[in-house]
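So the structure is just underneath, and the comments pick up after that.
Numbering (full-length UniProt numbering), first residue to last: 1 to 322.
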């Protein structure tokens, strides 16, 4: 999804978007029916990659849309010029004009939400790199298919492999062989059912019932910001284990997945990575106890997480000290 002022609006006035949370389009947009709940997506602003996520929900409603057309050939392929006059120019017939012809049409409006899995990757891939992963070379549509396999490999080479893992962990298996959508982000309601992760909703409900409205790291929080965090790699194991998760605040969940927050398995105290030292809200969690009593199974999973994210770091520190 391409976000910001660079997105072509097809002669309309733009779209309502929040890049890290939701994306809007309508039935006048090419490929408007191609996006579905559970699809992984990448957002860019036509100059750099912005981030990746998975669509959780698509809202639809009927409404109107005002198009601006070239008064000479009636196309909507017009551009507003910043300095030259007349201020509009038709990209099809090259006619220049001051006022476009307005037309109001009936459309279906769509809004996709994807904030739960959003991972910012601001600028990790530039324009040419991002364009190179389009399935169809030269595709200029706002929403276009992306070749996920080389795209994910490129993220890994840039040190952002966990972003790909996070996306993979939230969608049904079999996605590896599919193209994903690269959407130029633009600027009332039937709800599609969320199908990211098989059984994820039941998994969340079970943990929420057992743990209550509480983040295991920070304490009480509204249910809207709490997520069921797996203590193991769901992408690798492909199943939900009893007592294999904790309710975590959304930002805490991201930091835990990336290993920036961990739990020392013998003391059950929180360990905060040095890179978070400049952020007081996270730094003050260091060496604090968890906000709930851990079950034996949870301690076991946390120990594996600790080994993955802390033991190797501690070993390198000891070797450096020698």
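Beta carbons: idealized from backbone N, C-alpha and C, even for Gly.
Note that the structure is a prediction, hence the values are computed from the model and not measured.
- [ ] Tell me the start and end of each unbroken beta strand (DSSP E) in the region 64–151 that is at least 3 residues and wholly inside, in chain order.
- [x] Listed in chain order, the complete beta strand (DSSP E) runs (minimum 3 residues) inside the region 64–151 are 78–80, 88–90, 101–113 and 143–146.
Open item on the list: Considering only DSSP beta bridges, list what residue 57 is partnered with.
Closed with: Working through the chain shown from its first residue, we reach residue 57 at position 57. Note: residue 57 sits in a beta bridge opposite 113.
TODO: Would you list the one or two residues that DSSP bridges to residue 18?
DONE: On the chain shown, residue 18 is found 18 positions in, with the first residue counted as 1. Residue pairing by DSSP puts residue 18 in a beta bridge opposite 22.
- [ ] Please look up how many angstroms separate the CB atoms of residue 215 and residue 248, rounded, as I've assumed it's under 8 Å.
- [x] Here the question's residue 215 lines up with position 215 in the chain shown. Here the question's residue 248 lines up with position 248 in the chain shown. Contact between residue 215 and residue 248 holds: their C-beta atoms lie close to 6 Å from each other, under 8 Å.
Open item on the list: On the CB-based measure, 16 or more other CB atoms within 10 Å of its CB, does residue 45 come out buried or exposed?
Closed with: To locate residue 45, count along the chain shown from 1; it is residue 45. It is buried - the Cβ of residue 45 has at least 16 other Cβ atoms within 10 Å.
Task: Straight-line gap, residue 50 to residue 130 (C-alpha atoms, nearest Å) - done: Residue 50 sits at position 50 when you count from the first residue of the chain shown. Residue 130 sits at position 130 when you count from the first residue of the chain shown. Roughly 10 Å between the two C-alpha positions.
Task: Close beta carbons around residue 316, own chain, < 8 Å, minus the five adjacent residues each side - done: For the purposes of this step, residue 316 is identified with residue 316 of the chain shown, where counting begins at 1. The pLDDT assigned to residue 316 is 47, lower than 50, so where the model puts this residue is not dependable; a value taken from the coordinates is nonetheless given after this. Within its own chain, no residue has a Cβ closer than 8 Å to the Cβ of residue 316 once the five positions on either side in sequence are excluded.
Open item on the list: Comparing C-alpha positions only, which one of 139, 137, 64 and 212 sits nearest to residue 102?
Closed with: Taking the chain shown and counting its residues from 1, the one referred to as residue 102 is at position 102. When the alpha-carbon of residue 102 is set against those of 139, 137, 64 and 212, the nearest one is in 64.
Task: C-alpha gap between residue 218 and residue 292, whole angstroms - done: Position 218 of the chain shown, counted from the first residue, corresponds to residue 218. Position 292 of the chain shown, counted from the first residue, corresponds to residue 292. Each residue's Cα considered, the two are about 10 Å apart.
Task: Beta carbon of residue 92 nearer than 9 Å to that of residue 119 - done: Position 92 of the chain shown, counted from the first residue, corresponds to residue 92. Position 119 of the chain shown, counted from the first residue, corresponds to residue 119. No, these two residues do not count as a Cβ contact at 9 Å.
Task: Cβ-based neighbour list, residue 306, same chain, cut-off 6 Å, excluding 5 preceding and 5 following - done: For this step, residue 306 is matched to residue 306 along the chain shown. Excluding the 5 residues flanking it on each side, residue 306 has same chain C-beta neighbours closer than 6 Å at 262 and 265, in chain order.
Open item on the list: Using only the alpha-carbon positions, how far apart do residue 169 and residue 149 sit?
Closed with: Working through the chain shown from its first residue, we reach residue 169 at position 169. Working through the chain shown from its first residue, we reach residue 149 at position 149. Looking at the two C-alpha atoms, the distance is approximately 15 Å.
Open item on the list: Is it the case that the region 103–110 contacts the region 133–147, given that we only count it when at least three CB pairs across the two stretches are under 8 Å?
Closed with: Inter-segment contact for the region 133–147 and the region 103–110 is absent: fewer than three beta-carbon pairs are separated by less than 8 Å.
TODO: Helix, strand or coil for residue 246, going by three-state DSSP, please let me know.
DONE: Position 246 of the chain shown, counted from the first residue, corresponds to residue 246. Of the three classes helix, strand and coil, the one that applies to residue 246 here is strand, per DSSP.
- [ ] Output the distance between the C-alpha atoms of residue 17 and residue 82, rounded to the nearest integer angstrom.
- [x] Here residue 17 refers to the residue found at position 17 when the chain shown is read from its first residue. Here residue 82 refers to the residue found at position 82 when the chain shown is read from its first residue. Answer to the nearest angstrom: the Cα atoms are 23 Å apart.
Task: Rounded separation between residue 54 and residue 89 - CA only - done: To locate residue 54, count along the chain shown from 1; it is residue 54. To locate residue 89, count along the chain shown from 1; it is residue 89. Cα atoms of residue 54 and residue 89: separation of roughly 37 Å, rounded to the nearest angstrom.
Task: Per DSSP, cross-strand counterpart(s) of residue 227 - done: As a position in the chain shown, residue 227 is number 227, starting the count at 1. 248, per the DSSP bridge assignment.
Open item on the list: Suppose the cutoff is 6 Å on Cβ atoms and the five residues either side in sequence are ignored; what does the same chain contact list for residue 123 look like?
Closed with: Reading the chain shown from its first residue, position 123 is the one you call residue 123. Cβ within range, chain order: 48.
- [ ] Determine, using beta-carbon pairs with one atom in the region 55–62 and one in the region 27–42, whether at least three such pairs fall under 8 Å.
- [x] Cβ pair count under 8 Å is three or more, so yes.
TODO: Along the alpha helix (DSSP H) that carries residue 274, what are the first and last residues, could you check?
DONE: Against the chain shown, residue 274 aligns to sequence position 274. DSSP places residue 274 in no alpha helix (DSSP H); its state is neither H nor E.
Open item on the list: According to DSSP, is residue 219 part of a helix, a strand, or is it coil?
Closed with: Locating residue 219 in the chain shown gives position 219, where the first residue counts as 1. In this structure, residue 219 counts as strand in the three-state DSSP scheme.
TODO: Have a look at residue 228 and residue 301 and give me their C-alpha separation to the nearest angstrom.
DONE: By one-based count along the chain shown, residue 228 stands at place 228. By one-based count along the chain shown, residue 301 stands at place 301. In a straight line, the C-alpha of residue 228 is about 15 Å away from that of residue 301.
- [ ] Could you check what DSSP says for residue 167 in three-state terms: helix, strand or coil?
- [x] By 1-based counting over the chain shown, the position of residue 167 is 167. In this structure, residue 167 counts as helix in the three-state DSSP scheme.
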